Amino acid sequence: MRSRRWRCAGALALACALTACRTAPPSFLVPPPWEVRKPQLQAREHFDLKGRVAVATGREGFNASLRWAQTGPRSQLTLEGPLGAGAVQVSAADHELEIVTSRGERLDDAAAHAELAARLGFDPPLPSLRYWILGVPDPERPALEELDEPQQRLLGLTQAGWHIDYPLYVAVGAEMLPARLTLKRDAVRVRLLVDDWQP
């Protein structure tokens, strides 16, 4: 008799557990609201990534490898490919810009902007790009957002004359970050593929 009661109790407990699983899906399946995620990502001051970039400006174009280290307001980029043999170092903070070319020349501010524009075919919007690469708009500028409602993340963004598409995200810890993005402005098209995120 006691054995039968134990079997009944066990069956009831199993039925309750299965019902709970059906009625209460795991919370990680529900992404946090965009209004919560966006300011958190905009406030992120540290990240590192490795990836590849492809730039097309009219009939011209190039491919390069990219390393990006963000520390506070300062962006440190290493590009290998577009400015001749060897690596090019780019350092940007707020509206300050410094580059060290593959020839060892050190240029800053207006001269650095002119060199990048001449070599790349456009002057990259680095102060905003450090936010776009995280999948959020630059908080200092007005923006038009195209939101993926179910996933609570951007599908597209228009800001400062640029349009950014986000076709692919990847899980990085508890966050979803862009794995691929495309930037377009006039005849300029920039495709960025992130191979490795280190938040």
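All residue numbers for the sequence shown refer to our numbering, where the first residue is 11 and numbers rise by one. Beta carbons are placed, not taken as given, at the ideal position from N, Cα and C, and that holds for glycine. None of these values were measured; they are calculated from a predicted model.
- Taking the Cα positions, R77 is about 17 Å away from G145.
- The three-state secondary structure of Q80, taken from DSSP, is strand.
- Under a 10 Å Cβ-count criterion, A102 is classified as buried, with 16 or more other Cβ atoms of the shown protein chains found around its own Cβ.
- The three-state secondary structure of D118, taken from DSSP, is strand.
- DSSP places H105 outside both helix and strand once states are collapsed to three, so it counts as coil.
- Judged by beta-carbon spacing, S112 lies within the 9 Å limit of V98, meaning their Cβ atoms are closer than that value.
- Our two residues, F57 and I143, have alpha carbons roughly 11 Å apart in a direct line.
- Here DSSP, grouped into helix, strand and coil, assigns A124 to helix.
- Annotation: E55 is outside any alpha helix (DSSP H) and is labelled neither H nor E by DSSP.
- Beta-bridge analysis with DSSP links F72 to V65.
- Less than 9 Å separates the beta-carbon of V198 from that of A66.
- Below 8 Å, enough C-beta pairs join the stretch 188-196 and the stretch 163-178 to call them touching: three or more.
- If you look at R201, you'll find it in the beta strand (DSSP E) that goes 198-208.
- Taking C-beta atoms under 8 Å as the contact rule, V63 and R163 fail to qualify, at a distance of about 22 Å.
- Distance from the CA atom of A127 to the CA atom of W207, rounded to whole angstroms, is 27 Å.
- Cβ neighbours of P152 within its own chain (closer than 8 Å, five residues either side excluded): Q169.
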